[in-house]
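*Asks:* To convert, count from 1 in the sequence shown and add 1; that's our numbering.
Backbone N, C-alpha and C define an ideal beta-carbon position, used for all residues, glycine too.
Could you have a look at this structure, given as structure tokens, before my questions?
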Amino acid sequence: VTGLRHVEMCESIHLKLTSPDDVVVALKCVYEANCKPSSAAPFTLDMSYKKVLAYDCLCVSYFLSCYPVSQLEMSRCHMGDKGAEMLSHCFSNEVSSSLLLELVDLSGNNLTAVGMEDVMKIVRTSSATLRVLDVSGNRTGDGMVSVITEHLQHNNVLTKLDVG
2 VTGLRHVEMC ESIHLKLTSP DDVVVALKCV YEANCKPSSA APFTLDMSYK
52 KVLAYDCLCV SYFLSCYPVS QLEMSRCHMG DKGAEMLSHC FSNEVSSSLL
102 LELVDLSGNN LTAVGMEDVM KIVRTSSATL RVLDVSGNRT GDGMVSVITE
152 HLQHNNVLTK LDVG
């Protein structure tokens, strides 16, 4: 991540975040480096198995609104409903039309039906590009399958949905 300070143009970036301070530090480094990958190779943001705070999710939301991210992997981050709410901020404004998300993995994040409603903003605003959605291992209940299915009506590209 520290090497990003000297990069002006990137072919692609896969950010695998592991330490507690990585979220803000990594995103700040990418911002300061003015690193903008080509549209053919957007960012992969992988925060799986890293405990995140609501503030971290808000930073990720801002990052998604500024940079092309095709894969958002946040499985088992313990974000909870508050984290899902913060993450959904970039999906509820005019910036959402420029999102390129193809894969979203929010499995095992202690989300309830409340948090899943915020996740549905991702489904609605990424309907032209979202191919894989994994929300398995959350505490959403049986009723959420019908809610998710309802939001997927306008998605013609989704090839994998995991709600188990």
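So who's on the other strand from K161, going by DSSP bridges?
*Replies:* V133
*Asks:* Could you give the first and the last residue of the continuous beta strand (DSSP E) run that contains L112?
*Replies:* No beta strand (DSSP E) holds L112; DSSP gives it neither H nor E.
*Asks:* Can you name the start and end residues of the beta strand (DSSP E) that F44 belongs to?
*Replies:* F44 to D47
*Asks:* Output the boundary residues of the beta strand (DSSP E) element that contains L73.
*Replies:* V70 to E74
*Asks:* Just to confirm the assignment, what range does the beta strand (DSSP E) spanning V105 have?
*Replies:* L104 to D106
*Asks:* Note down, in chain order, each residue of its chain lying with its Cβ closer than 6 Å to the Cβ of T160, except the 5 sequence neighbours on either side.
*Replies:* R132
*Asks:* Give me, in chain order, the residues of the same chain whose beta-carbon lies closer than 6 Å to that of S128; leave out the 5 immediate sequence neighbours on both sides.
*Replies:* H155 and N156
*Asks:* Measure the alpha-carbon distance for G138 versus N111 and round it to whole angstroms.
*Replies:* G138 and N111 have their alpha carbons spaced roughly 8 Å apart.
*Asks:* Please check the pair T141 and A114, which I expect to be a contact at CB under 8 Å, by giving their CB distance rounded to whole angstroms.
*Replies:* 6 Å
*Asks:* The alpha helix (DSSP H) spanning T141 covers which residue range?
*Replies:* Under the DSSP assignment, T141 falls outside any alpha helix (DSSP H); it carries neither an H nor an E label.
*Asks:* Report the rounded CA-to-CA distance for T126 versus V120, giving the unit in angstroms.
*Replies:* 10 Å
*Asks:* Per DSSP, what kind of secondary structure is T126 in: helix, strand or coil?
*Replies:* helix
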